[in-house]
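Everything below concerns the one structure shown next.
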Amino acid sequence: MVDAVLAEQGATQQRLRKLPARVVVYLLLAAALFEECGYLTVWRKLTGSLDGLPIPKITGTGLWHARARLGVRPLRALFDLLREPAAAIRTIGARWCGLLVVAIDGTCLDVPDNPATRTRLGKRSNQYTQASGYPQISLVALVACGTRAIIDAVFGPGSTGEATYAARLTRSLDPGMIVLLDRGLSSNTLLEQVAGTGAALLARLTAVRKPPVLRHLSDGSFLSRIGCLDVRIIECEITIATTTGRRTGVYRLATTLLDHRRHTAAALVTLYHERWEIESAFFAIKKSMLGRRVLRSNHPSAIDQEIYALLTTYQAIRIAITDAATTTGTDRTGPVSASRYKPPATRSSRPRTSSPTPSST
48 MVDAVLAEQG
58 ATQQRLRKLP
68 ARVVVYLLLA
78 AALFEECGYL
88 TVWRKLTGSL
98 DGLPIPKITG
108 TGLWHARARL
118 GVRPLRALFD
128 LLREPAAAIR
138 TIGARWCGLL
148 VVAIDGTCLD
158 VPDNPATRTR
168 LGKRSNQYTQ
178 ASGYPQISLV
188 ALVACGTRAI
198 IDAVFGPGST
208 GEATYAARLT
218 RSLDPGMIVL
228 LDRGLSSNTL
238 LEQVAGTGAA
248 LLARLTAVRK
258 PPVLRHLSDG
268 SFLSRIGCLD
278 VRIIECEITI
288 ATTTGRRTGV
298 YRLATTLLDH
308 RRHTAAALVT
318 LYHERWEIES
328 AFFAIKKSML
338 GRRVLRSNHP
348 SAIDQEIYAL
358 LTTYQAIRIA
368 ITDAATTTGT
378 DRTGPVSASR
388 YKPPATRSSR
398 PRTSSPTPSS
408 T
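For the sequence shown, this note's numbering begins at 48 and goes up steadily by one.
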């Protein structure tokens with residue numbers, strides 16, 4: 048696959064070098080597994096078992112030139128080859144009512160603070176200080192909840208806004224999916240764009256939004272309209288249980304699945320818990336792989352290269368995990384806890400459900 052990508056992108060070296068393009072790709076992928084190491088240390092780990100072979104000595108400058116020659120496109124193309132739900136028909140927990148369960152959300156990656164990154168990304172500000180902390184890359188991903196595999200991802204300056212990046216991910220949606228969205232990605236425009244792909248959606252609305260009640264339904268939900276989109280609204284109480292205690296909050300969910308008999312309110316409330324899987328995917332990338340470290344690269348193009356290498360390596364790991372789980376018939380996350388739901392006695396009754404203990408994200 049690496050050779051095919053290099054040939055397709057015209058990145059195969061024209062003459063023999065100490066660091067051929069193929070080797071540079073492997074080095075970047077290996078670096079995603081050894082985030083605590085500098086690139087020269089990663090090189091020693093990558094070649095450590097090749098005793099007796101004439102391994103070239105490389106320098107930091109030589110490695111920088113090799114990465115510059117390679118560019119970003121081969122790593123992006125390699126990620127494009129691997130990005131997929133990684134779910135087979137029999138993958139446990141990947142589908143709900145025949146629909147592939149996916150989620151869209153965003154996170155941030157810290158990058159080194161230097162003039163080049165500040166010019167491209169700026170720096171964060173708050174009410175106490177201006178331009179504090181590291182510059183950050185905003186990463187927004189479309190993740191298959193059943194496998195935590197990445198179907199698509201985009202990234203760039205945080206000033207663009209997660210909703211703008213999320214709209215670009217609608218290119219990878221189709222009618223065989225149900226998309227879970229948090230309240231930060233529940234604008235009228237984005238909901239209409241997601242629904243326009245034919246995919247079903249289940250989104251949490253912000254507390255200040257009061258969608259009109261058009262018709263009450265027997266399961267406690269009601270039909271409504273958001274912008275130009277016909278939706279069904281479900282109000283529920285969800286309890287979050289962690290080691291620090293329990294907290295209960297009222298969620299208002301909107302869905303384009305209007306048939307309350309086929310897709311009950313209780314079942315949709317339980318399904319929404321699966322949105323936590325994208326948070327677990329980000330936790331794996333930022334904590335398990337990166338160790339919450341700042342990215343190594345100091346130049347904008349090198350940062351893009353490093354992020355695509357990180358996403359490619361993460362995706363390869365998820366595919367391997369899914370293959371192993373599918374072979375043994377094991378669900379790697381375990382079942383979502385069953386809803387405790389009672390039919391509403393009055394129009395104002397709300398479905399109630401208990402949440403599984405979320406991951407440390």
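Beta carbons are placed, not taken as given, at the ideal position from N, Cα and C, and that holds for glycine.
These numbers come from a predicted model, not from an experiment.
LEU358 and SER265 have their C-alpha atoms spaced approximately 45 Å apart. If you look at VAL241, you'll find it in the alpha helix (DSSP H) that goes 235–243. Between ILE198 and SER219, the CB-CB gap stays under 7 Å.
If you draw a straight line from the Cα of GLU82 to the Cα of TRP90, it is about 12 Å long. Relative to SER271, the option among ARG294, ASP306, PRO182 and ALA196 whose CA is nearest is ASP306. Within the model, the alpha-carbon separation for LYS92 versus VAL119 is close to 23 Å. Per DSSP, PRO204 lies in no alpha helix (DSSP H) segment; the continuous beta strand (DSSP E) that holds it begins and ends at 196–204. Excluding the 5 residues flanking it on each side, GLY274 has same chain C-beta neighbours closer than 8 Å at ASN235, THR236, LEU238 and GLU239, in chain order. Sequence-distant Cβ neighbours of LYS333 in its own chain, meaning closer than 8 Å and more than five residues away, are THR154, LEU156 and ARG339. Sequence-distant partners of ARG299 (beyond 5 residues in either direction) whose C-beta falls short of 6 Å from its own C-beta, in its chain, are LEU252 and GLU282. Per DSSP, the unbroken alpha helix (DSSP H) holding THR374 starts and ends at 347–375. For ARG123, there is no enclosing beta strand (DSSP E); the residue is found in the alpha helix (DSSP H) stretching over 120–129. Under the DSSP assignment, VAL190 falls in the beta strand (DSSP E) whose first and last residues are 183–191.
Our two residues, HIS346 and THR166, have alpha carbons roughly 11 Å apart in a direct line.
Here the C-alpha atom of GLN183 lies approximately 10 Å from the C-alpha atom of PHE202. Residue environment for CYS144: exposed (fewer than 16 other C-beta atoms within 10 angstroms of its C-beta). Here DSSP, grouped into helix, strand and coil, assigns ILE273 to strand.
In terms of CA proximity to THR244, LEU216 leads the group LYS257, ARG262 and LEU216. When the five nearest sequence neighbours on each side are left out, the beta carbons in the same chain lying within less than 6 Å of the beta carbon of GLU353 are those of LEU342 and SER344, in order along the chain. DSSP, read as helix, strand or coil, puts ARG322 in helix. Under the three-state reduction of DSSP, HIS263 is assigned to strand. In the DSSP assignment, the residues bridged to TRP143 are LEU146. Here ALA250 is actually not in contact with CYS192; their C-beta atoms are around 14 Å apart, not less than 8 Å. With the rule of 3 Cβ pairs closer than 8 Å, the region 311–319 does not count as touching the region 120–140. Contact annotation: ALA242 and LEU189 have beta-carbon atoms that are not nearer than 7 Å. In the structure shown, ILE332 falls within a helical segment according to DSSP collapsed to helix, strand and coil. In the structure shown, the three-state DSSP call for ASP157 is strand. Taking the Cα of SER233 as reference, the smallest distance to any Cα among ALA135, SER268, ARG293 and VAL278 is reached at VAL278. Distance check between ARG262 and each of ALA196, ILE280 and TYR212 places ILE280 closest, using alpha-carbon atoms only.
Around LEU147, the same chain offers PRO132, ALA134, ALA141, ALA191, GLY223 and MET224 as residues with beta carbons nearer than 7 Å, after the five sequence neighbours per side are excluded. Its chain contains LEU76, ALA79 and LEU80 as the residues whose beta carbon lies nearer than 7 Å to that of THR360, once the 5 sequence neighbours on both sides are disregarded; these appear in chain order. LYS257 and ARG294 have their C-alpha atoms roughly 23 Å apart. Look at LEU66 here: in three-state DSSP terms it is coil, with no helix or strand label. Taking the Cα of ARG116 as reference, the smallest distance to any Cα among VAL72, GLU284, GLY95 and TYR86 is reached at VAL72. Judged by DSSP secondary structure, LEU300 falls within the beta strand (DSSP E) whose first and last residues are 292–302.
Our two residues, THR311 and THR302, have alpha carbons roughly 11 Å apart in a direct line.
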